[in-house]
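Under the numbering used here, the residues of the sequence shown are numbered 11 to 75, in order.
All C-beta atoms in this analysis are idealised placements derived from N, C-alpha and C, irrespective of residue type, glycine included.
The structure appears below as structure tokens.
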Amino acid sequence: MNSVKTQAFNAFDLLTEREQFLVFELIKSLAPDDIATADDIAAHDAAIEDYARGECVSHEDINWD
11 MNSVKTQAFN AFDLLTEREQ FLVFELIKSL APDDIATADD IAAHDAAIED YARGECVSHE
71 DINWD
């Protein structure tokens, strides 16, 4: 029996280019994003600097309602 991956690739080939694009976008949205980009690192560094200067919102100051 073919693996699910093989079956998926075979079915993918039967789709129109637009449908393939939609399936690809769905797959990308489901895949884990665990790679830090340069922007991710810069945002993290900026947040750490803000926190070190005391520029953060206290948990108690947030209206959780």
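### Task
Under the assumption that Val-33 contacts Phe-22 (Cβ atoms under 8 Å), give the Cβ distance between them as a whole number of angstroms.
6 Å
Considering only the beta carbon of each residue, do Asp-60 and Cys-66 sit closer than 8 Å? yes
Handout entry: Inside the region 12-71 only - alpha helix (DSSP H) runs reaching at least 4 residues
Key = 14-23, 27-40 and 48-62
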